[in-house]
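Chemist: One structure, as structure tokens, below. Some questions next.
Number of protein chains: 2
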Amino acid sequence: MIRTKQRKEMQTSIKKSWILEKAGVLFWQKGYHNTSMKDIANACNCRPANFYNYFKNKEDILYEVIRSITEQGVSSILYLEKDQEINPVEQLRSLIKSHFGFLASLKQSNVMISDTGMKYLSREHRKEIIRLRDIYDSILHKVIQRGIDAGYFATTDVKVAGYLIASIIVRSSVWFSMKGRLSVDEVSDIMFNFAYRGIKADDANPPKRNA
Amino acid sequence: MIRTKQRKEMQTSIKKSWILEKAGVLFWQKGYHNTSMKDIANACNCRPANFYNYFKNKEDILYEVIRSITEQGVSSILYLEKDQEINPVEQLRSLIKSHFGFLASLKQSNVMISDTGMKYLSREHRKEIIRLRDIYDSILHKVIQRGIDAGYFATTDVKVAGYLIASIIVRSSVWFSMKGRLSVDEVSDIMFNFAYRGIKADDANPPKRNA
DNA sequence: TCCTAATTAATTACCGACAATTCACCCACG
DNA sequence: CGTGGGTGAATTGTCGGTAATTAATTAGGA
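Order-wise, the sequence lines are chains A and B. For what it's worth, the working numbering labels the leading residue of the first sequence as 9, then goes sequentially. For what it's worth, the working numbering labels the leading residue of the second sequence as 9, then goes sequentially.
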């Protein structure tokens with residue numbers, strides 16, 4: 009029956025993401041090349057050879073880990089493209105809240121593996137990740153550009169401004185901890201204030217229109 | 009003779025830093041565990057066994073690489089501690105210019121190895137690197153605190169502000185390229201403007217004193 | 001419902017490759 | 001002549017990956 013086949017695919021998919029979750033944590037904690045298939049197997053309570061039923065090879069596991077994280081990061085801000093009529097300042101606030109909120113929600117800060125692990129990917133896989141990142145960048149750039157057009161933001165260089173804002177969000181995974189002094193919302197607010205003031209237009213040059 | 013011994017030590021030290029330079033580039037390009045002693049030997053035109061005349065083991069090479077970069081980074085802003093009477097705004101500008109300038113000056117952007125390679129260090133070595141970083145942080149914090157005390161800056165949290173500013177500087181090694189559209193000075197200025205506006209006090213709350 | 005064929009998941013045993021390191025031994029130079 | 005940088009070969013261990021095999025699950029006809 010079709011039903012049972014679907015159930016099976018479902019289970020396979022569940023096990024796959026279970027493996028990816030465990031592998032992602034290890035890759036971040038120990039590094040990709042310092043994490044052996046045996047290590048992952050221990051974390052998954054199975055034998056190394058088993059993985060080759062689900063993934064082509066070790067690089068394939070890394071690719072799926074990075075793709076998953078990157079995809080979720082992009083998805084978390086995708087909605088901003090639709091609502092082009094919302095105040096760009098509020099869009100920036102949303103973007104920071106969403107992306108940082110997503111990063112903070114990951115149990116381990118296995119985010120940096122997306123940066124550092126890129127160089128271990130095959131050319132095709134790397135291209136796919138870059139494609140996803142470009143989507144993220146383009147959304148961020150559009151928000152900034154709309155803010156400039158509407159007179160809210162003033163910055164000489166949209167691309168660099170995007171890099172700077174993305175830097176403070178992404179790098180939070182190096183220092184932010186859920187168990188720390190500040191909550192996600194508090195840090196979100198601080199980040200937004202910093203970023204917004206960093207690029208906002210002088211008050212002497214007020215917005216041309218409201219939204 | 010003392011003279012010859014000195015010359016010899018000199019040569020040894022030169023060769024050591026030659027090795028460190030080559031190894032640092034490889035560690036960044038390929039990752040620590042994916043860089044073999046043979047790879048480093050090829051880059052240095054010598055044989056793997058040779059390294060054990062200069063370093064205890066592979067981890068020791070990594071440690072020296074990271075220590076050297078971190079030390080230089082800290083040194084590049086150390087002078088700020090002395091001149092406590094200079095305008096904090098100018099100190100912030102100097103800090104960004106110096107640190108980013110140093111990062112950009114490295115032939116390869118082998119800076120991120122300092123972040124990612126930390127976990128491969130022994131406990132003692134890691135502690136030493138953290139000690140150096142703490143010096144960096146404390147200088148940055150002092151600059152910000154002095155700016156707040158003098159009424160130039162307004163921020164709710166000195167530590168987080170420090171993280172945000174350091175983030176935009178350090179992460180530049182991911183996207184900045186000497187061969188790119190913008191020069192080091194141009195990017196420096198953009199970074200400073202962004203960071204300064206991000207934490208500066210409202211104009212309605214002017215500085216209490218000048219310097 | 002039950003039995004069997006087929007498919008998929010998991011495991012065991014194993015291989016070739018290559019890693020970091022050690023050591024005995026060079027040889028150049030002071 | 002003898003000290004120390006340099007090296008080839010050997011050691012030891014572990015890695016990712018494959019082949020063969022077993023266990024488990026599902027499909028479909030009677």
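Every residue, glycine too, gets a C-beta built ideally from N, C-alpha and C. In this text the structure is predicted, and so the values were computed from the model without any measurement.
Check each candidate in R134/A, G170/A, E79/A and R139/A and name the one with the smallest Cα separation from V151/A.
Modeler: G170/A
Chemist: Leaving out five residues on either side along the sequence, give the residues of the same chain with a beta carbon under 7 angstroms from the beta carbon of A203/B.
Modeler: Excluding five sequence positions before and after A203/B, the CB atoms of its chain that fall closer than 7 angstroms to its own CB belong to L100, I104, I173 and I176, given in chain order.
Chemist: For Y204/B, does the three-state DSSP call read helix, strand or coil?
Modeler: helix
Chemist: Is it buried or exposed, S122/A, if we count other Cβ atoms within 10 angstroms and call 16 or more buried?
Modeler: S122/A comes out buried.
Chemist: Does chain B have any CB closer than 7 angstroms to the CB of R175/A?
Modeler: First, the amino acid is wrong: residue 175/A is Ser here, not Arg. Answer yes: the Cβ-Cβ gap between S175/A and chain B drops below 7 angstroms somewhere.
Chemist: Which residues in chain A sit within 9 angstroms of H149/B, going by Cβ to Cβ distance?
Modeler: Chain-ordered listing is empty here: chain A has no CB closer than 9 angstroms to the CB of H149/B, the nearest sitting near 13 angstroms.
Chemist: Our contact map puts I69/B next to A31/B with C-beta atoms below 8 angstroms; I'd like the distance itself, whole angstroms only.
Modeler: The beta-carbon distance between I69/B and A31/B, rounded to whole angstroms, is 5 angstroms. This is short enough to meet the 8 angstroms contact definition.
Chemist: Report the neighbours of A158/A on chain B: residues whose CB is nearer than 8 angstroms to its CB, in chain order.
Modeler: The premise fails here: A158/A is roughly 19 angstroms from chain B at the closest Cβ pair, so nothing lies under 8 angstroms.
Chemist: Can you list, in chain order, the residues of its chain with a C-beta nearer than 8 angstroms to that of Q80/B? Leave out the 5 residues immediately preceding and following it.
Modeler: F110
Chemist: Nearest CA to the CA of S221/B: which residue from F63/B, T43/B and R55/B?
Modeler: Lying before the first or after the last residue shown, residue 221/B is absent from chain B, which here runs from 9 to 219.
Chemist: Once DSSP output is grouped into helix, strand and coil, what is the label at F184/B?
Modeler: coil
Chemist: So, is the C-beta of L172/A closer than 7 angstroms to a C-beta in chain B?
Modeler: yes
Chemist: Nearest CA to the CA of S21/B: which residue from D47/B, S44/B, F59/B and A49/B?
Modeler: F59/B
Chemist: How would you list, in chain order, the residues of chain A whose beta-carbon sits under 7 angstroms from the beta-carbon of H41/B?
Modeler: Within 7 angstroms Cβ-Cβ: G39, H41 and N42.
Chemist: Do I156/A and I85/A have their beta-carbon atoms positioned less than 7 angstroms apart in this structure?
Modeler: no
Chemist: So, at 7 angstroms on beta carbons, what are the nonlocal neighbours of D91/A in its own chain, with the 5 sequence-adjacent residues on each side left out?
Modeler: So no residue of the chain qualifies.
Chemist: Assign R154/A to one of two classes, buried (16 or more other C-beta atoms within 10 Å of its C-beta) or exposed (fewer than that).
Modeler: buried
Chemist: Among I48/B, A112/B, D142/B and Y160/B, which has the Cα closest to the Cα of S191/B?
Modeler: A112/B
Chemist: Would you please state the rounded distance, in angstroms, between the beta carbons of A162/B and I198/B? I believe it to be under 8 angstroms.
Modeler: Contact doesn't hold; Cβ gap of about 22 angstroms is too wide.
Chemist: Might you give, ordered along the chain, the residues of its own chain that have their beta carbon closer than 6 angstroms to the beta carbon of E72/B, omitting 5 neighbours on each side?
Modeler: L28
Chemist: Could you have a look at R11/B and say whether DSSP puts it in helix, strand or coil?
Modeler: Residue placement at R11/B is poorly supported in this model, since its pLDDT is 46, which falls under 50; the coordinates still yield a value, given next. Note: R11/B maps to helix in three-state DSSP.
Chemist: Could you please give the first and the last residue of the uninterrupted alpha helix (DSSP H) stretch that includes H149/A?
Modeler: R131 to D157
Chemist: Three-state secondary structure (DSSP) at F59/A?
Modeler: helix
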